[in-house]
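In order, the protein sequences belong to chains A and B. Just so you know, numbering that gives the first Met the number 0 puts 88 at position 89 of the first sequence, and the rest follows in order with no gaps. Just so you know, numbering that gives the first Met the number 0 puts 272 at position 273 of the second sequence, and the rest follows in order with no gaps. All remarks here apply to the structure that follows.
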Amino acid sequence: MLLQLTISGLSQGAIYALVALSLTVVYRSTTIVNFGHGDFVMAGAFVSYVLTVMLGVAFLPAAVLAVIAMFLLGLCFSRGLIRPIRGGPHIGYALMCIAVGYVLRGIARIVWGREVLPMPSVFDMPPVFIGNLVITGDAMFIIGTTTVLLAIFFAILALTDIGKMVQAVYQSQRGAQLIGINVDRFNDMAWGVGAAMGAMGGILIAPVSLLHPDLGASFLIKGFAAMTLGGFGSLHGAVIGALLLGVSEQYAGAYINSALIDITAYLIIVFVLLVRPHGLFGHKTVVKV
Amino acid sequence: MKQTLNVLAMTLFTALPAFAGETTGLTDDTIKIGVMAPFSGNAASYSKAEVGMMAYYDKINEEGGVHGRKLVAIQEDTACDPAKGLAGVKKLIFQDEVFMLHGNSCSGVALAIRPVVEEAGLPWMIAHAASDSISNPRAPNIFHGLPTGSANGRAMAQFVLSRPDTKRVAIIEHSNDWAHSYSDPARAYLKENGVDPVADLVMERGQTDATAQILKIREAKPDFIIASLYEAETAIFLRDLKKYGMSDIPVMGTAGTDLENTLKRVGDLDTVKNYFVIHSYIDSLGGDKLKPWGDMIKKYNPDEELSTFSFASIGSAIAVVNALEAAGPDLTRSNFIAELEKINNLDTGILSDPITFTHDDHQGVKGSAVAGFVDGQPTVLRSWGERY
């Protein structure tokens with residue numbers, strides 16, 4: 000049972016990892032927490048649904064188009080709605096994110112109402128049985144795809160100048176500007192990448208969970224919990240935090256009480272903030288006076 | 000003297016609405032009926048439940064009405080929001096001055112407006128919302144014209160135990176009042192019959208994976224599972240059950256899901272082959288016995304896409320029209336309520352169980368049939384293996 004729960008937890012955690020990582024990408028670049036990110040996840044899944052089910056596009060090209068569409072949406076969101084309020088109170092960013100998230104959710108509700116929509120299974124293979132252990136096709140597909148995506152993401156950061164730019168902007172926006180980085184444009188790109196990665200999470204989970212306008216709400220809190228556990232601003236911390244969260248949910252549900260699955264994320268946030276506020280891989284903020 | 004006049008004035012003031020209310024909403028040729036439903040918002044799909052009732056009114060009107068009076072439905076949107084529902088019911092009662100209310104799809108709204116309706120005293124036939132608390136404790140003017148949550152919950156457990164050799168039953172549910180309204184009466188019925196659930200599990204709304212619950216179910220080795228889950232979570236649970244090779248265990252679901260839509264969501268018959276749901280009608284959605292009712296709805300609403308919800312309110316509409324007929328041309332709210340309370344064992348020709356109201360019991364439908372796939376076809380069942 001332990002191994003079964005671990006596989007299932009890693010599969011769930013892989014989705015949370017994409018959501019947490021996309022939140023962290025935006026947070027690292029802009030110090031803004033996107034409270035509407037769950038709805039970007041939902042929107043990505045719905046774009047993929049429209050392309051796949053309504054327009055008959057094959058899954059892979061549909062997924063790529065949906066990711067591009069969400070990248071552009073993130074870019075436009077940054078340019079059109081975040082840039083104009085830059086310099087204002089931080090709460091303004093939070094409210095703007097929430098408002099746009101609700102607009103996206105509202106659009107989905109207007110178009111699809113309260114319907115729960117099925118997304119065709121992408122990787123329709125029978126589960127593999129090894130004794131009592133069952134490895135489902137969905138789990139293999141999600142874990143495999145996320146591993147590849149994360150490998151590409153971290154390789155780009157480690158092996159290209161983009162990684163250095165990310166680090167420069169994260170350490171000091173003014174310093175980054177002084178060495179010639181267009182920080183505004185960089186931030187727009189960060190919003191675009193964040194929206195696109197969130198969309199990947201939505202696209203992967205949609206065939207497993209069914210689609211509905213409120214799909215993103217639960218993923219947002221999982222993303223926050225993973226970020227908190229991994230350490231705010233830590234990219235690899237977000238991924239590890241997400242995997243630990245996924246596995247913890249399964250263990251808590253099976254070994255303690257199934258009602259705990261839904262509140263594990265909240266318990267982790269409370270526990271980490273009290274015991275280790277900078278998370279597993281974050282750094283304590285030191286202010287020199 | 001002045002004090003006596005004041006008391007007299009106050010008495011008249013408080014008594015006046017009661018007397019004036021007896022024939023409010025009536026003219027020589029119309030009966031105004033307030034129909035509340037979530038016509039907008041994220042629960043708008045539930046307003047389909049009121050379509051059948053209004054189509055039945057149209058049919059009665061086409062046949063000449065009730066004692067020459069046409070039934071005029073005045074719609075009010077609740078958006079499934081208690082605040083909107085309260086505003087809506089006050090408008091219907093005090094501004095539109097309807098004779099009675101019929102409808103309402105959301106239990107939360109119905110519970111919120113109950114005190115207003117009870118105080119106003121006009122008759123209210125509940126057509127879709129299932130919570131027991133709307134009509135229990137009994138209010139003199141409030142009637143439940145469909146199976147309540149407790150009736151459905153007991154019907155679920157009855158069906159489960161009708162399967163031979165069923166001794167081990169697992170329950171999986173949401174942790175909200177809606178889910179408890181099914182699972183608690185089911186649990187009580189099981190207990191009355193000497194069965195204690197072998198697993199009591201929670202699956203919250205929005206969960207996208209049921210592995211932990213399913214592994215516990217696997218350990219518990221149940222003969223039957225009762226699933227008090229909403230549509231999305233039901234589909235996820237059934238899919239995961241199949242993934243882990245456990246789809247041979249029958250699952251009993253609530254009236255909040257239906258067979259056809261669940262099949263559409265999970266995508267293959269094999270996943271739902273052992274799924275059963277509460278089904279309050281005499282036939283399945285495409286069946287011959289429901290066809291005349293479906294044709295009636297289509298006749299007056301050509302664009303309506305039929306689902307099981309579309310038929311939910313017709314049984315209560317038949318009870319309303321029966322009582323209006325029985326009350327005669329000198330209709331008042333009091334004699335209408337009195338006639339409702341005389342309805343005994345009314346076979347509506349659409350609900351699986353008859354409607355009976357008494358002075359002390361306004362919850363009219365005490366049971367429900369079950370639907371499941373038999374030989375790949377949706378089939379209405381009275382008990383395990385026994386067709387309706």
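Where a beta carbon is used, it is the ideal one built from N, C-alpha and C, also for glycine. Bear in mind the structure is a predicted one, so any value in this text is a computation, not a measurement.
Task: Residue(s) in a DSSP beta bridge with R386 (chain B) - done: Within the second sequence, numbered from 1, the residue matching residue 386 (chain B) stands at position 387. Looking at the DSSP assignment, R386 (chain B) forms a beta bridge with B:L380.
Task: Contacting residues, own chain, Cβ-Cβ under 6 Å from L72 (chain A) (five flanking each side not counted) - done: What you label residue 72 (chain A) is simply residue 73 of the first sequence in a count that begins at 1. Sequence-distant Cβ neighbours of L72 (chain A) in its own chain, meaning closer than 6 Å and more than five residues away, are A194.
Task: At least three beta-carbon pairs within less than 8 Å, the stretch 220 to 229 of chain B to the stretch 183 to 199 of chain B - done: Proximity of the stretch 220 to 229 of chain B to the stretch 183 to 199 of chain B meets the contact definition, three or more beta-carbon pairs being nearer than 8 Å.
Open item on the list: Quick check on R264 (chain B) - is its C-beta less than 8 Å from some C-beta in chain A?
Closed with: What you label residue 264 (chain B) is simply residue 265 of the second sequence in a count that begins at 1. For R264 (chain B), at least one C-beta of chain A is nearer than 8 Å to its own C-beta.
Task: Beta-carbon neighbours of T207 (chain B), restricted to chain A and to distances below 9 Å - done: Here residue 207 (chain B) refers to the residue found at position 208 of the second sequence. Simply Q11, I14, I204, V207, S208, L209, L214, S217 and F218.
TODO: Could you check how far apart the C-beta atoms of F98 (chain B) and H361 (chain B) are, in whole angstroms? I think they sit under 8 Å.
DONE: The residue you call residue 98 (chain B) lines up with position 99 of the second sequence. The residue you call residue 361 (chain B) lines up with position 362 of the second sequence. With 8 Å as the limit, F98 (chain B) and H361 (chain B) do not qualify as a contact, their Cβ atoms being about 18 Å apart.
TODO: Could you tell me which chain B residues have their CB closer than 9 Å to the CB of V115 (chain A), listed as they occur along the chain?
DONE: Sequence index remark: in the first sequence, residue 115 (chain A) carries index 116 (1-based). Those are Y229, E230, A231, A234, N260 and R264, listed as they occur along chain B.
TODO: Use the C-beta contact count for S246 (chain B): other C-beta atoms within 10 angstroms, 16 or more gives buried, fewer gives exposed.
DONE: By 1-based counting over the second sequence, the position of residue 246 (chain B) is 247. By the 10 Å Cβ count, S246 (chain B) comes out buried.
TODO: Flag this pair as yes or no: are the beta carbons of A237 (chain A) and T23 (chain A) separated by less than 8 Å?
DONE: Walking along the first sequence from the start, residue 237 (chain A) turns up at place 238. Walking along the first sequence from the start, residue 23 (chain A) turns up at place 24. One thing to note: A237 (chain A) has its Cβ within 8 Å of the Cβ of T23 (chain A).
Open item on the list: With the cut-off set at 8 Å, would you say M35 (chain B) and G87 (chain B) are in Cβ contact?
Closed with: What you label residue 35 (chain B) is simply residue 36 of the second sequence in a count that begins at 1. What you label residue 87 (chain B) is simply residue 88 of the second sequence in a count that begins at 1. In contact: M35 (chain B) and G87 (chain B) (Cβ atoms closer than 8 Å).
Task: Among B:K90, B:T270, B:R113 and B:I354, the one whose alpha carbon lies nearest that of N321 (chain B) - done: Against the second sequence, residue 321 (chain B) aligns to sequence position 322. Answer by Cα proximity: B:I354.
- [ ] Determine the chain B residues that contact S120 (chain A) at a beta-carbon separation under 8 Å, and present them in chain order.
- [x] Working through the first sequence from its first residue, we reach residue 120 (chain A) at position 121. Within chain B, the residues placing a beta-carbon under 8 Å from that of S120 (chain A) are G266, ordered along the chain.
Open item on the list: Considering only their Cβ atoms, is the gap separating S279 (chain B) from L345 (chain B) smaller than 8 Å?
Closed with: For the purposes of this step, residue 345 (chain B) is taken as the residue at position 346 of the second sequence. For the purposes of this step, residue 279 (chain B) is taken as the residue at position 280 of the second sequence. Cβ atoms of L345 (chain B) and S279 (chain B): not closer than 8 Å.
- [ ] Starting from the beta carbon of S174 (chain B), find every residue of chain A whose beta carbon is closer than 7 Å, and list them in chain order.
- [x] As a position in the second sequence, residue 174 (chain B) is number 175, starting the count at 1. Scanning chain A for C-beta atoms nearer than 7 Å to the C-beta of S174 (chain B) yields A258, reported in chain order.
TODO: Out of B:T207, B:S161 and B:P37, point me to the one whose CA is closest to N192 (chain B)'s CA.
DONE: Stepping through the second sequence from its first residue, residue 192 (chain B) is reached at position 193. Closest option to N192 (chain B), judged by alpha-carbon separation, among B:T207, B:S161 and B:P37: B:S161.
Task: Where A109 (chain B) falls, given that 16 or more other Cβ within 10 Å makes a residue buried - done: Working through the second sequence from its first residue, we reach residue 109 (chain B) at position 110. Per the 10 Å Cβ criterion, buried.
Open item on the list: DSSP three-state label for Q362 (chain B), please.
Closed with: Here the question's residue 362 (chain B) lines up with position 363 in the second sequence. The three-state secondary structure of Q362 (chain B), taken from DSSP, is strand.
TODO: Using a Cβ-Cβ cut-off of less than 7 Å, give me the residues of the stretch 234 to 254 of chain A that come near chain B, in sequence order.
DONE: Under the 7 Å Cβ criterion, the stretch 234 to 254 of chain A contributes Q249, G252 and A253.
Open item on the list: DSSP three-state label for D239 (chain B), please.
Closed with: On the second sequence, residue 239 (chain B) is found 240 positions in, with the first residue counted as 1. Helix.
Task: Neighbour flag for D187 (chain A) against chain B, beta carbons, 8 Å - done: Stepping through the first sequence from its first residue, residue 187 (chain A) is reached at position 188. For D187 (chain A), the answer is no, since every Cβ of chain B falls outside 8 Å of its Cβ.
- [ ] Just the chain A side, please: which residues come within less than 9 Å of Q212 (chain B) by C-beta, in chain order?
- [x] The sequence position of residue 212 (chain B) within the second sequence is 213, counting from 1. G252, A253, S257 and I260, listed in chain order.
Open item on the list: Please report whether the beta-carbon of K242 (chain B) lies at a distance below 8 Å from any beta-carbon of chain A.
Closed with: The sequence position of residue 242 (chain B) within the second sequence is 243, counting from 1. Answer yes: the Cβ-Cβ gap between K242 (chain B) and chain A drops below 8 Å somewhere.
TODO: Tell me whether D176 (chain B) sits in a helix, a strand or coil according to DSSP, three-state version.
DONE: As a first step, residue 176 (chain B) must be located in the second sequence, where it is residue number 177. In the structure shown, D176 (chain B) sits in a helix (DSSP, three-state: H, G or I).
Open item on the list: So, does the stretch 306 to 316 of chain B touch the stretch 41 to 58 of chain B, judging by three or more C-beta pairs under 8 Å?
Closed with: Contact holds: three or more Cβ-Cβ distances are below 8 Å.
Open item on the list: Please identify, using Cβ separations under 8 Å, the residues of the stretch 321 to 352 of chain B that lie next to chain A, in order along the chain.
Closed with: Answer set for the stretch 321 to 352 of chain B: empty.
- [ ] Between the Cα of S134 (chain B) and those of B:T347, B:D359, B:G371 and B:G375, spot the shortest distance and give me the residue it belongs to.
- [x] As a first step, residue 134 (chain B) is located in the second sequence; it is residue number 135 there, counting from the start. Minimum Cα distance to S134 (chain B) is reached at B:D359.
TODO: Work out the CA separation of P249 (chain B) and V194 (chain B) for me, nearest whole Å.
DONE: Counting from one through the second sequence, the residue named residue 194 (chain B) turns up at place 195. Counting from one through the second sequence, the residue named residue 249 (chain B) turns up at place 250. Computed Cα separation, rounded: 17 Å.
Task: Three-state secondary structure (DSSP) of V56 (chain A) - done: The residue you call residue 56 (chain A) lines up with position 57 of the first sequence. In the structure shown, V56 (chain A) sits in coil (DSSP, three-state: anything other than H, G, I, E or B).
Open item on the list: Cβ closer than 7 Å: which chain B residues qualify as neighbours of T135 (chain A)?
Closed with: Position 136 of the first sequence holds residue 135 (chain A). By Cβ distance, chain B contributes K242.
- [ ] Compare the C-beta of V201 (chain B) with all C-beta atoms of chain A and state if any pair is closer than 8 Å.
- [x] In the second sequence, counting from the first residue as 1, residue 201 (chain B) sits at position 202. Taking 8 Å as the CB threshold, V201 (chain B) lines the interface with chain A.
- [ ] Please classify H298 (chain A): does DSSP put it in a helix, a strand, or coil?
- [x] Outside the displayed range of chain A (0 to 288) lies residue 298 (chain A), so it cannot be described from this structure.
TODO: Give the straight-line distance between the Cα atoms of G20 (chain B) and R332 (chain B), rounded to the nearest whole angstrom.
DONE: Along the second sequence, read from residue 1 onward, the residue named residue 20 (chain B) stands at position 21. Along the second sequence, read from residue 1 onward, the residue named residue 332 (chain B) stands at position 333. Spanning the two alpha carbons is a distance of roughly 8 Å.
Task: Assigned secondary structure, M5 (chain A) (DSSP; H/G/I helix, E/B strand, else coil) - done: On the first sequence, position 6 is the one that residue 5 (chain A) refers to. Before going further, note that residue 5 (chain A) is Thr rather than Met in the sequence given. T5 (chain A): helix per DSSP, three-state reduction.
Open item on the list: Helix, strand or coil, according to DSSP, for A17 (chain B) in the structure here?
Closed with: By one-based count along the second sequence, residue 17 (chain B) stands at place 18. Since pLDDT at A17 (chain B) reaches only 43, below the 50 mark, its modelled position is unreliable, and the value read off the structure follows with that caveat. DSSP, reduced to helix, strand and coil, places A17 (chain B) within a helical segment of the structure shown.
Open item on the list: Classify T397 (chain B): buried if its beta carbon has 16 or more other beta carbons within 10 angstroms, exposed otherwise.
Closed with: The question about residue 397 (chain B) has no answer here: the residues shown for chain B are numbered 0 through 387.
Task: Any C-beta of chain A under 8 Å from that of K83 (chain B) - done: Numbered from 1 along the second sequence, position 84 holds the residue referred to as residue 83 (chain B). Not an interface residue.
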